[in-house]
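Heads up, the sequence shown is in the UniProt record's numbering, so the first residue is 1 and it goes up one at a time. No residue lacks a Cβ here, since even glycine has one placed at the ideal position from N, Cα and C. Just so we're clear, the structure is a prediction, and the values are computed from it rather than from any experiment.
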Amino acid sequence: MAYLIAAPELLAAAAADVAGIGSSVSAANLAAAFPTTAVTTAAGDEVSAAIAALFGAHAQQYLAISAQIAVFHERFVQALTGASGGYATAEATNASPLQGLLDTVNSQSMTLTGRLLIGNGTDAVTPGGTGGAAGWLCGNGGAGAAGSAGQAGGNGGSAGLIGTGGNGGAGGANGAAGGNGGAGGWLYGIGGNGGIGGPGTNNTALAGNGGDGGIGGAGGHGGLFGAGGMGGAGGVGGHAGQLGGLGGTGGTAGVGGAAGHFGTGGGGGHGGLGGTGTSGGTGGTAGNGGAGGTVFGNGGAGGLGGEGGGGFAGGNGGHGGQGGAAGLIGAGGSGGNGGNGLGFALAANVGGDGGTGGAGGMLYGDGGDGGSGGAATIFGGHGGLAGNGGSARFIGTGGTGGSGGIGMAGGNGGDGGQLVGNGGAGGPGGQGLAAISSFATSPAVDPGQGGNGGSAYLIGNGGAGGTGGTGWTGTAATNPMITAAADNGSPIPDIHTDSATPVTGPSGGVGSPGSSTQNGGDGAAGANVYSTAAGPTGGAGGNGGDGANGGAGGAGGYANGSDTAARAHGGNGGNGGNASGAGGAGGNGGDGGSADALSFGEAYAGSGGNGGNGATGGNGGAGGNGGAGGHGGNAGQIFGHGGRGGDGGTGGVGGAAAPGGIGGAGGTGGTAHGGIYSQGYPDGGNPASGGGGGNGGNAGSAGPGGNGGTGGNGGAGAHFFGSGGDGGNAGHGGAGGSGAGGGAGGAGGAGGSGAVLGGTGGTGGTGGTGGDGGDGGHGGLAGGTGGQGGIFGSPGNAGSAGSGGAGGAGGPAGAGGARGATGSGPGGVAGAEGASGGQGHVGATG
């Protein structure tokens, strides 16, 4: 009976449920009584009457038993109800003297000491008020109240002998500090959490800086057996004015509370976010982790650095907190990661540094891992430094180094314990970043070196070196921005003559040449000639100027002769300009001039001009080289192997090439008009032809892959027994970029039209050759040197050279130009289709 308990409220609820069940059963019995006791006979024979009597008798017996069960059920409900009331009365009788006794004791304790003996502390209600202390013997501390504007948050109340400390109140607006957490119970209890720092002041003017965020409150200390409280986060930095200004710095976070003799240290608070502005505010520094128990317990983890504030020039990321150290036995806390920068300006800010891992226990325990460095901006820039791993102190393994931010070295591994323990591994280096030069410029960032492995001291292996960072990917080729076109050729006025000597119109002006970023000018049309005597010849069209995109050729001049004129010749169209800019298109050829003659004349149409050739596409950028691997840690002095050197980073992939430019279309042959003897071909009996299409440009070459990084050196072996560490392998070369397709050849021009003979369509241009694939990057020249062995040990092996990167795929051949259309008139011939360009070659292996 000593282990039995009774809950009066549960007994009362059970009695109500049982009573409800009895009511339901009684209602069902009443509904079934008449149909079952007065069963009607199915027929007038003796068997039916006997069956009905049998069932009726059974029903009457059931009703009699049900009545007896109902009486028993009612008595059972009364017993439950009475027991519930009896227990409730007994509890009330027993509680009254105990509560009175407790009230008397607490009253005397409050009179003498100002504090209860048993009970929770009261939560503060006035702004910034401190939470009440718990009872001396048992109870949790009261929570501190949040501060009003500009007022710090209240501290949490302390616990008594056993209990949890109260949480600190949040800081008020305008950057007020958060309250500290209350201490945990002296014997057993967890410390309270620190309050959050208040947000910085937002600038409501058109211009001006935002206020800094408030400091987070510290976590409360744990009891003899108990963990420390977590530090409060820093406050958010205030926003700058509407038209610009510096955003406020995020608040520094509170440190984690230290544990007592047995327990884990509290985690550090996270740094506050930087405020937004034209220049964003710096993220707040994170709080350090609290120390672990002096006898047993792990150190607390460091907090995360705050993110930088947004803006054109964003704020730097905040630094991560350091991990808390362990006491006698326990692992060190991990360092916090650095915060990321945030902004749109290139290389305007950097990421926060990662925190260092905490040291392991003085007798036994591993060091904490280092935090990773934060990233820089949306577009680029250096990342934050990586945190080093914490070292062990007597027996234990060193912590692993953190990963480096972009372009930064990885953190070094922590050293092993002085008696026994391996060194920690080095962290990987940050990756590289290609240069950016779109609307602003940012230099390339080389990848970071891998962190060095930690060393052992007396007995143990050295830690492995970290891998070098990966090189950046080469930028893809793009065609340059084109400025306004160069000057067009000068126009030529029409000529009207009645001279008996045949007159040829002057040629149209040639288009001015452009440059690699400026289009060539268009050629001018040839002069139109109107003659009433001798046969006229229209002026030839001017050629288009060469440039980024070739200029169009000018149209041939129109020739008009009288009925006594022997022959009228349309001028030939000008040739299109060739493209000289990367991936530029050739200019279209000018149309041939038309000719008109009357019934006794002959008309000869001019041929269309040839289209210009397309330009070669741009070359892809080279991939970045990989970073060097970290060196392996040294082994202990007596026993142990040296750490292996880190592998070199892989080279970046080469950039893709740009396709070649499209060849210009050939000009259309002119049209001959006249009487019954007018002919659709020029002098010599050849039909007037359309101009040939320009050749497509060749695709540019793809960028080569980056070279692999150098491998790290292996660590030295133990002085007496142990081999040296192997050198790290050199990094692999990056793959070459893929070649682009060659430009399509220009379409041939349509043949001229005439009454006697139709012209021949122009031949389509030849397609450009596909771009060659980029060469693969060279593998790292040599691996790291092997470490020196001990007296009774062998030296480490040297690392192998890295393999070369695979060559990029060759680009597809450019399509041949379409054949020129047949000129109208009898005997017209369609032009030939242009040939396809060549297939690009596969890049060489590095």
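Q: Could you pull the start and end residues of the beta strand (DSSP E) that Ser531 belongs to?
A: For Ser531, the enclosing beta strand (DSSP E) covers residues 529-531.
Q: Tell me, to the nearest whole angstrom, how far the beta carbon of Gly553 is from that of Gly544; I am working on the premise that it is less than 8 Å.
A: 5 Å
Q: Mind checking which residues open and close the beta strand (DSSP E) that includes residue 851?
A: Past the edges of the chain, shown from 1 to 846, lies residue 851, and the structure says nothing about it.
Q | Ser372 (DSSP reduced to helix, strand or coil) | A | Collapsing the DSSP output to three states places Ser372 in coil.
Q | Ser24 - DSSP class collapsed to helix/strand/coil | A | helix
Q: Report all residues from its chain with a CB closer than 6 Å to the CB of Gly463; omit the five preceding and five following residues, and keep chain order.
A: Gly413, Gly423, Gly424, Ala425, Gly453, Gly454, Gly633, Gly643
**Q.** CA nearest to the CA of Ala500, picked from Thr517, Gly466, Gly535, Asn488
**A.** Gly535
Q: Determine the contact status of Gly332 and Gly368, defining contact as a CB-CB distance below 8 Å.
A: yes
Q) Using the C-alpha atoms, what's the distance from Gly666 back to Gly521? A) 17 Å
Q. Between Pro513 and Thr276, what straight-line distance do the alpha-carbon atoms span, to the nearest angstrom?
A. 50 Å
Q | Distance CB(His270)-CB(Gly222) smaller than 8 Å | A | no
(Q) Am I right that Ala145 and Thr126 are in contact with their C-beta atoms under 8 Å? What's the rounded C-beta distance? (A) Sure, about 6 Å apart at Cβ, within 8 Å.
Q) Where does the unbroken beta strand (DSSP E) through His496 begin, and where does it stop? A) 495-497
**Q.** Rounded separation between Pro199 and Ala628 - CA only
**A.** 43 Å
Q | Burial state of Val47 (16 or more Cβ within 10 Å) | A | exposed
Q. What's the C-alpha gap between Val77 and Gly147?
A. Rounded to the nearest angstrom, the two C-alpha atoms are 56 Å apart.
Q: Use the C-beta contact count for Asp103: other C-beta atoms within 10 angstroms, 16 or more gives buried, fewer gives exposed.
A: exposed
Q: Return the CA-CA distance between Gly335 and Thr264, expressed in angstroms with no decimal places.
A: 15 Å
Q.
Beta-carbon within less than 8 Å of Gly260's beta-carbon, same chain only, minus the 5 sequence neighbours each way: which residues are those?
A. Gly184, His221, Gly222, Gly223, Leu224, Phe225, Gly226, Gly293, Thr294
Q.
Please report the straight-line C-alpha distance between Ser507 and Gly583, rounded to a whole angstrom.
A. Rounded to the nearest angstrom, the gap between the Cα atoms of Ser507 and Gly583 is 30 Å.
**Q.** Range of the contiguous beta strand (DSSP E) that encloses Arg567
**A.** 567-569
Q: Would you list the one or two residues that DSSP bridges to His673?
A: Asp596
Q: Just mark His319 as buried or exposed, buried being the case when its beta carbon has 16 or more other beta carbons within 10 Å.
A: buried
(Q) Could you compute how far the alpha carbon of Val25 sits from the alpha carbon of His58? (A) Looking at the two C-alpha atoms, the distance is approximately 18 Å.
Q: Ignore the nearest five residues each way along the sequence and tell me which others in Gly179's own chain have a CB closer than 6 Å to its CB.
A: Gly144, Gly153, Gly154, Asn155, Gly168, Gly169, Gly195, Gly217
Q) Are there 16 or more other CB atoms within 10 angstroms of the CB of Thr111, so buried, or fewer, so exposed? A) Counting every other CB atom within 10 Å of its CB across the protein chains shown gives Thr111 a total below 16, marking it as exposed.
Q. Do you know offhand how far Ala605's Cα is from Ala434's?
A. 57 Å
Q: Starting from Tyr188, follow its DSSP beta bridges and name the residues at the other end.
A: Ile162, Phe225
Q.
Determine whether the beta carbon atoms of Gly160 and Gly166 lie at a separation below 8 Å.
A. no
Q) What does a CB cutoff of less than 6 Å around Gly135 pick up in its chain, not counting 5 residues either side in sequence? A) Leu116, Leu117, Ile118, Gly119, Gly160
Q.
Can you list, in chain order, the residues of its chain with a C-beta nearer than 6 Å to that of Gly254? Leave out the 5 residues immediately preceding and following it.
A. Apart from the 5 residues on each side of it in sequence, Gly254 sits with its Cβ closer than 6 Å to the Cβ of Gly194, Gly216, Gly217, Ala218, Gly231, Gly232, Gly269, Gly287 in its chain, given in chain order.
Q.
Quick check: the Cα distance between Gly538 and Ser580, rounded to an integer number of angstroms?
A. Between the C-alpha atoms of Gly538 and Ser580 there is a straight-line separation of about 31 Å.
Q) Hey, Gly308 and Gly339 are a contact pair by Cβ (cut 8 Å); roughly how many whole angstroms apart? A) 7 Å
Q. Are Gly451 and Gly411 close, meaning C-beta to C-beta below 8 Å?
A. yes
Q: Give the secondary structure of Ser109 by DSSP, where H, G and I count as helix, E and B as strand, and everything else as coil.
A: helix
Q) My guess is that Gly272 and Gly300 are in contact by the Cβ rule of under 8 Å, so how many angstroms apart are they, rounded? A) That pair is no contact at about 19 Å.
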